[in-house]
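Accompanying notes for the structure given below.
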Amino acid sequence: MPNRILHDSLMKKKFTLGKKDFIFIAIVIAVITILSLGNYEKRTAPTPNDAIHSKVTARSQCLECHSSKGVRPQPKAHTKATQCFQCHTQPKSWSAKP
Ligand code: HEC
Ligand code: HEC
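See the structure below:
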């Protein structure tokens, strides 16, 4: 009998959410929210779905036109990040990933 009581109380302990657990869950939710907001802010003008852009397969090609000497330079304060399509989403029909 004492064994059974001990067992029951152990089980109870396992499945009870304490204050710490709720704080932990709150932090997890906050982090996910902040990360997805950050992701949202990164979205900007999509890569145009036109004849020029659908043939580009490398980042170096993007920069031939979009570097400071190109036909359509990036804004001066533009990020140096190189994953263009992370922010300038590519048309769904493409497969290239500069
Ligand atoms: C042959 C030159 C050329 C290449 C290569 C090129 N672009 Fe462009 N890009 C242009 C021109 C010209 C415009 C402006 C006219 C237009 O919207 O098509 C433009 C516009 C853009 C815009 C702005 C769209 C807007 O609404 O203001 C983005 C973003 C962009 N390009 C991203 C890219 C990315 C990413 C790549 C590489 C995958 C790339 N471009 C390759 C010439 C180029
Ligand atoms: C971290 C996100 C991010 C990445 C990565 C990124 N860009 Fe941008 N880009 C932006 C934002 C935000 C703007 C608008 C900034 C502004 O208007 O000042 C912009 C603007 C531009 C424009 C001008 C668009 C217009 O309407 O005139 C061009 C061209 C461009 N980016 C090309 C590129 C290319 C090419 C790459 C890859 C080498 C690249 N970007 C990578 C965020 C990004």
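The sequence shown lines up with residues 3 to 100 when you count with my numbering.
All C-beta atoms, glycine included, are put in the ideal place defined by N, C-alpha and C.
Taking 6 Å as the line, does the beta carbon of residue i fall inside it for any heavy atom of ligand 2?
| i | result |
| --- | --- |
| T81 | yes |
| H68 | yes |
Ignore the nearest five residues each way along the sequence and tell me which others in residue i's own chain have a CB closer than 6 Å to its CB.
| i | result |
| --- | --- |
| P93 | N51 |
| T46 | C89 |
Hey, could you find the ends of the alpha helix (DSSP H) residue i is sitting in?
| i | result |
| --- | --- |
| H55 | 53-56 |
| L19 | No alpha helix (DSSP H) holds L19; DSSP gives it neither H nor E. |
| Q88 | 86-89 |
Given residue i, which residues of its chain have a CB within under 7 Å of its CB, disregarding the five upstream and five downstream residues?
| i | result |
| --- | --- |
| A79 | none |
| P75 | H68, S69 |
In chain order, what residues of the same chain have a beta carbon less than 8 Å from the beta carbon of residue i, not counting five sequence neighbours either side?
| i | result |
| --- | --- |
| G72 | L65, E66 |
| P48 | H90, T91, Q92, P93 |
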